[in-house]
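Heads up, the thing below is written out as structure tokens.
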Amino acid sequence: MDSLELEEKPELDSAQQNKIKNETLTTELHFELLKQYAWLSSAAIGAIVVLVQLKAIEANKDLYVSLGFFVASIILSITGQDHIIDSLLKGKQIYDASKFLKFIRTISMMCFGIGVGYLAADVLKFW
8 MDSLELEEKP ELDSAQQNKI KNETLTTELH FELLKQYAWL SSAAIGAIVV LVQLKAIEAN
68 KDLYVSLGFF VASIILSITG QDHIIDSLLK GKQIYDASKF LKFIRTISMM CFGIGVGYLA
128 ADVLKFW
């Protein structure tokens, strides 16, 4: 019977195996970086809430601008993670999406940095 015959797949050479491992590692690193950016921004928002509750800083326009940049960083990070998942589900390689992901990561980190700058300026204003 034909069902008993199994088609053997040729073994992958080491270069092909390395390419697969690199693609997997690249995907995981992109996803982890975006996850860490979102976590960092949410931790900063938590710190702002605590500082306002302790009356160490007052809620003003600069504080809301800072919060806005932190939220933008979180949204961009989640959008990047969603893009990774969508790309992989469509059968694309991570290298096809890496240029867009680098752009998203850069903008997300810039939003975080600007948020920290506004927050630091607001805190230092009171000292």
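In short: position in the sequence shown from 1, add 7, done, that's our numbering. Beta carbons are placed, not taken as given, at the ideal position from N, Cα and C, and that holds for glycine. Predicted, not measured: the structure shown is a model, and the values here were computed from it.
Check	Outcome
What is the residue span of the alpha helix (DSSP H) that Gly75 lies within?	Lys68 to Leu96
Nearest chain D C-beta to Ala66 closer than 8 Å, yes or no?	Among the chains in the structure shown there is no chain D, since it carries only a single protein chain.
Terminal residues of the continuous alpha helix (DSSP H) containing Ile52?	Ser21 to Gln60
Below 8 Å, how does it come out for the region 37-52 and the region 75-85: are there three or more Cβ pairs, yes or no?	yes
Leaving aside the five residues before and after Leu70 along the sequence, list all residues of the same chain whose C-beta is less than 7 Å from its C-beta, in chain order.	Ile55, Ile64 and Asp129
Does the Cβ of Ala104 have 16 or more other Cβ atoms within 10 Å, making it buried, or fewer, making it exposed?	buried
Report all residues from its chain with a CB closer than 6 Å to the CB of Leu61; omit the five preceding and five following residues, and keep chain order.	none
Check whether the region 80-96 and the region 118-126 are in contact - that is, three or more C-beta pairs closer than 8 Å.	yes
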